[in-house]
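Heads up, the sequence shown is in our numbering, so the first residue is 399 and it goes up one at a time.
All C-beta atoms, glycine included, are put in the ideal place defined by N, C-alpha and C.
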Amino acid sequence: MVDEIAMIEKNQTWELVKRPANRKKTFVAKILSKFSMKNCKPTSTPMVVRMKLSSQGDYEQVDESVYMSLVGCLLYLTAARPNIMFAVSVLSRFMHCCNKQHLQAAKRVLRYIKGTLSYGLQFSKTEDLKLIGYTDSYWAGSKNDMKSTSGYAFTLGSTMFCWSSKKQS
């Protein structure tokens with residue numbers, strides 16, 4: 399952090415500028431097209447409430463490379479979309495044993511993203527830069543091993559800049 403502040407002082411970069419429009423939307427459009435979801439119906443949440451995915455069950459198997467590619471694209475998007483982090487972290491647990499239920503859940507995240515294209519991180523110039531932290535946990539949320547998931551998020555002003563969602567080890 400000291401190096402970053404020194405660089406800001408050296409460059410005299412003190413004001414935030416608006417980000418280029420549509421840059422993120424272009425990548426999302428490519429992902430939607432790649433997974434044949436361009437004309438999908440948007441949804442209001444990235445995951446079904448209280449959904450517990452499992453590696454066990456009698457679901458049709460899917461092509462692992464398609465699932466891995468989709469989850470990889472979603473992981474990339476989490477850098478600018480912390481609101482999908484929990485759903486994507488859950489989906490990433492099934493890379494080695496994915497089935498139709500997992501692929502449908504991953505495609506639901508895409509449907510959510512399509513409906514929330516304007517969402518993302520944006521730091522605005524403001525006088526009120528309060529640092530606020532939030533934490534939450536989902537006790538024994540994993541159907542396979544009954545491990546918990548916990549997470550945290552920190553905001554500076556109105557923008558979340560640091561977050562984590564982690565399964566108990």
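Relative to the ligand HEM, is the shortest distance from any of its heavy atoms to the C-beta of K528 smaller than 7 Å?
Among the ligands in the structure shown, none appear at all, so the ligand HEM cannot be discussed.
Just the C-alpha distance for F590 and F559, rounded to the nearest angstrom, thanks.
No statement about residue 590 is possible, as the shown extent of the chain runs from 399 to 567 and does not include it.
Local Cβ density within 10 Å of P444, reported as buried at 16 or more and exposed below that:
buried
How is the beta strand (DSSP E) around S562 delimited, first residue to last?
557-565
Through-space distance from I530 to Y457, alpha-carbon basis
In a straight line, the C-alpha of Y457 is about 42 Å away from that of I530.
Distance cutoff 8 Å, beta carbons only. Does G455 sit that close to anything in chain C?
In the displayed structure, chain C is absent; only one protein chain is listed.
Inter-residue spacing [alpha-carbon to alpha-carbon] between C438 and K432
13 Å
Shortest alpha-carbon distance to V426 belongs to which of S548, T476, N497, L501?
T476
When DSSP labels each residue in this structure, what does T424 get in the three-state scheme?
helix
Look at V446 and I482 and say whether their C-beta atoms are less than 8 Å apart.
no
For S548 and S562, the rounded distance between their alpha carbons:
8 Å
Presumed contact (8 Å Cβ cut-off) between L451 and A504, rounded CB distance
Going by Cβ atoms, the distance from L451 to A504 rounds to 10 Å, so no, they are not a contact pair.
Among C471, L554, Y517, T514, which one has its Cα closest to the Cα of L527?
L554
Tell me where the beta strand (DSSP E) around L529 begins and ends.
529-536
Of the residues M466, S567, Y550, the one placed nearest P480, counting alpha carbons only:
Among M466, S567, Y550, the Cα nearest to that of P480 is on Y550.
Opposing strand residues paired with G549 [DSSP bridges]
D534, S563
Am I right that P440 and K541 are in contact with their C-beta atoms under 8 Å? What's the rounded C-beta distance?
That pair is no contact at about 28 Å.
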